[in-house]
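In our numbering, the protein residues as written are 162 to 215.
Glycine included, each C-beta is placed from N, C-alpha and C at the ideal position.
Quick caveat, the model's predicted, so the values are computed rather than measured.
In what follows, a structure is listed as structure tokens, so that the remarks can point back to it.
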């Protein structure tokens, strides 16, 4: 009802651990034609981001 949001999670591959990047936040509830829901976030010219784990 109020849209969704997108966060970035930074992964430390050297020391381990994950942390939410507080400088990256997209609120789809505030889109001009919104609220909107995030679905199948894609890299430019690429596939759904979950496909990179295959």
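Cα-Cα separation between residue i and residue j, rounded to whole angstroms
{"i": "residue 198", "j": "residue 175", "result": "34 Å"}
{"i": "residue 193", "j": "residue 164", "result": "12 Å"}
{"i": "residue 183", "j": "residue 172", "result": "14 Å"}
{"i": "residue 167", "j": "residue 178", "result": "20 Å"}
Cβ neighbours of residue i in the same chain (closer than 6 Å, five flanking residues each side left out)
{"i": "residue 185", "result": "169"}
Limits of the beta strand (DSSP E) - the one that residue i falls within
{"i": "residue 169", "result": "166 to 172"}
{"i": "residue 183", "result": "179 to 188"}
8 Å Cβ shell around residue i - same chain, five flanking residues per side excluded
{"i": "residue 195", "result": "164 and 189"}
Cβ neighbours of residue i in the same chain (closer than 7 Å, five flanking residues each side left out)
{"i": "residue 181", "result": "168 and 170"}
{"i": "residue 187", "result": "166 and 167"}
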